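Undergrad: With mature numbering (1 follows the signal peptide of the UniProt record, and there is no 0) applied, the sequence shown covers -20 to -1, 1 to 255.
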Amino acid sequence: ERPMALLALLIVAQIGAASSLHILPAEADLHRNVEYNMETVDASLARLLSDGGESCDLCATRWVFVMSGGGRTGSSTVLDMLNSIAGFRICGENEMWLKELTQFYNKLEEYKNHSGFESVSEKNVLCAMQKLARVSVGEVPPDTHTYGFKEIRFDTQNLLEFIPKLFPCGKFIVSTRADLNAQAESVKRSWWGNYDEIARQTHLLEEWQTHHTDQSQILHLEDFGTERFNDLLKWLNMGGCHFKGVCKSNTGHRWKGCNSSDVMDGHCELLDELN
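#1: Relative to the alpha-carbon of ASN104, which residue among LEU38, THR126, ILE143 and PHE142 has its alpha-carbon at the smallest distance?
#2: Cα-Cα, which of SER116, ASN74, ARG133 and HIS191 is closest to GLY50?
#3: With distance defined between alpha-carbon atoms, name the residue in ALA113, GLN137 and THR136 nearest to THR126.
#4: Counting pairs of beta carbons, one from the segment 204 to 215 and one from the segment 180 to 189, are three or more of them closer than 8 Å?
#5: Less than 9 Å between the C-beta atoms of PHE223 and LEU213, yes or no?
#6: With C-beta atoms as the reference, is HIS192 less than 9 Å away from ARG157?
#7: Which residues in the same chain as PHE209 place their Cβ atom closer than 7 Å to its Cβ, once the five residues preceding and following it in sequence are excluded?
#8: Enumerate in chain order the residues of its own chain whose CB-to-CB distance from GLN195 is below 7 Å, with the five nearest sequence positions on each side excluded.
#9: Compute the Euclidean distance between the alpha carbons of THR124 and GLN83, then round it to the nearest angstrom.
#10: The beta strand (DSSP E) spanning residue 277 covers which residue range?
#11: Report the option in SER116, CYS71 and ASN161 whose CA atom is closest to the CA atom of GLU131.
#12: Apart from the five residues just before and just after ASP22, which ones in its own chain have a Cβ nearer than 7 Å to its Cβ?
#13: Do LYS87 and THR136 count as a contact pair if the criterion is CB distance below 9 Å?
#14: Helix, strand or coil: how does DSSP classify GLN181 here?
#15: Taking only the alpha-carbon atoms, compute the straight-line gap between ASP9 and ASN74 and give it to the nearest angstrom.
#16: Can you tell me the Cα-Cα spacing of CYS221 and VAL115, whole angstroms?
#17: Would you mind stating whether GLN110 and PHE68 have Cβ atoms separated by less than 9 Å?
#18: With a 10 Å radius around its C-beta and 16 neighbouring C-beta atoms as the bar for buried, classify ALA164 as buried or exposed.
#19: Is the Cβ-Cβ distance between VAL44 and GLY128 less than 9 Å?
#20: Tell me which residues share the same chain as HIS247 and place their Cβ nearer than 8 Å to its Cβ, disregarding the 5 neighbours each side in the sequence.
#21: Which residues mark the beginning and the end of the beta strand (DSSP E) in which ARG42 is found?
#22: Run through the segment 197 to 224 for me and flag every whole beta strand (DSSP E) of 3 or more residues, listed as ranges in chain order.
#23: Ignore the nearest five residues each way along the sequence and tell me which others in SER240's own chain have a CB closer than 6 Å to its CB.
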């Protein structure tokens, strides 16, 4: 056995209610990894491929992601600032289930070479995974129009290349620090501190961003302020409101949360679709 998120198995359930797939019973905790027998996962994967799934519009849902270079970049503040916008539901961290979906997708590619699976539609698979991402957000208010996640570990090029494939119209906020020495010292006081690894992940993210400038922005901790966050608000096509302050969500290595009324003025309205 190896860790495999329940998310991967739920993909199968999302793909076809009419199929007779057998899923091992487990508590539906969508934010924790669960142990599963890989033979069961592989069998479910094979049925998923043969069933085919349903196509969808991968741009129908508004997605916004916070991508942090190793932690202690201010990403918790970014998360809370986004969630202070009416209609936004940004979750995380999610124990890197996006990495597990990447691995799952790669396994699908392997199965394409097996007899009987040559006609598998890549889009159908991505549609199932995106529907699953939406399910993992959980119950939301009826006026929610923007979904997303925050994660602090993006350590492979393969993962970074997969995410915009899964969310081709998503928006990505790359949350990093200009002062990597200060970041490494701050991280060390929390759980681990390795300058080289922090620098590597930061370089990966910021290099990736240069190739996706139409969908992403870099937000350095050193640039935090109402002016910068209001620029993000416009970039996200929100109007009728503005930030009057900035959350201090994770000072002293403890998450404190943020009251939206302390940082937001006005009534936020979606001006149009993300573009």
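Cβ coordinates follow ideal geometry from the N, Cα and C atoms, glycine included. Remember, it's a predicted structure, so these values are computed and weren't measured experimentally.
TA: Taking the structure as given:
#1: Taking the first residue of the sequence shown as position 1, residue 104 is located at position 124. That would be LEU38, whose Cα lies nearest to the Cα of ASN104.
#2: Here residue 50 refers to the residue found at position 70 when the sequence shown is read from its first residue. It is ARG133.
#3: Along the sequence shown, one-based indexing puts residue 126 at 146. Among ALA113, GLN137 and THR136, the Cα nearest to that of THR126 is on ALA113.
#4: no
#5: Taking the sequence shown and counting its residues from 1, one reaches residue 223 at position 243. Taking the sequence shown and counting its residues from 1, one reaches residue 213 at position 233. Against a cut-off of 9 Å, the Cβ pair of LEU213 and PHE223 comes out as a contact.
#6: Here residue 192 refers to the residue found at position 212 of the sequence shown. Here residue 157 refers to the residue found at position 177 of the sequence shown. No, these two residues do not count as a Cβ contact at 9 Å.
#7: Taking the first residue of the sequence shown as position 1, residue 209 is located at position 229. These residues qualify, in order along the chain: MET61, PHE223 and VAL226.
#8: Position 215 of the sequence shown, counted from the first residue, corresponds to residue 195. So the qualifying residues of the chain are PRO144, GLY150, LYS151 and PHE152.
#9: To locate residue 124, count along the sequence shown from 1; it is residue 144. To locate residue 83, count along the sequence shown from 1; it is residue 103. Taking the straight line joining both Cα atoms gives about 30 Å.
#10: With the chain covering -20 to 255 only, the question about residue 277 has no answer from this structure.
#11: To locate residue 131, count along the sequence shown from 1; it is residue 151. With distances taken between Cα atoms, GLU131 lies closest to CYS71.
#12: Your numbering for residue 22 matches position 42 in the sequence shown. With a pLDDT of 45 at ASP22, under the threshold of 50, the predicted position of this residue should be treated as unreliable, though the coordinate-derived value follows. Nothing listed; no residue qualifies.
#13: As a working mapping, residue 136 is identified with position 156 in the sequence shown. As a working mapping, residue 87 is identified with position 107 in the sequence shown. Going by C-beta atoms, THR136 is not nearer than 9 Å to LYS87.
#14: The residue given as residue 181 occupies position 201 in the sequence shown. Here GLN181 sits in helix by DSSP.
#15: Within the sequence shown, the letter at position 29 stands for residue 9. Within the sequence shown, the letter at position 94 stands for residue 74. With a pLDDT of 33 at ASP9, under the threshold of 50, the modelled position of this residue cannot be trusted, and the question is left open.
#16: Taking the sequence shown and counting its residues from 1, the one referred to as residue 221 is at position 241. Taking the sequence shown and counting its residues from 1, the one referred to as residue 115 is at position 135. Taking the straight line joining both Cα atoms gives about 29 Å.
#17: Counting from 1 along the sequence shown, the entry for residue 110 is found at position 130. Counting from 1 along the sequence shown, the entry for residue 68 is found at position 88. Contact: no.
#18: By one-based count along the sequence shown, residue 164 stands at place 184. That one is buried.
#19: The count along the sequence shown starts at 1 and reaches residue 44 at position 64. The count along the sequence shown starts at 1 and reaches residue 128 at position 148. Yes.
#20: Residue numbering aside, residue 247 sits at position 267 when the sequence shown is read from its first letter. Closer than 8 Å at the Cβ level, and outside the excluded window around HIS247, lie ALA66, GLY220 and CYS221.
#21: One-based indexing of the sequence shown puts residue 42 at position 62. Start and end: 42 to 48.
#22: 218 to 223
#23: The sequence position of residue 240 within the sequence shown is 260, counting from 1. Answer for SER240: SER64, listed in chain order.
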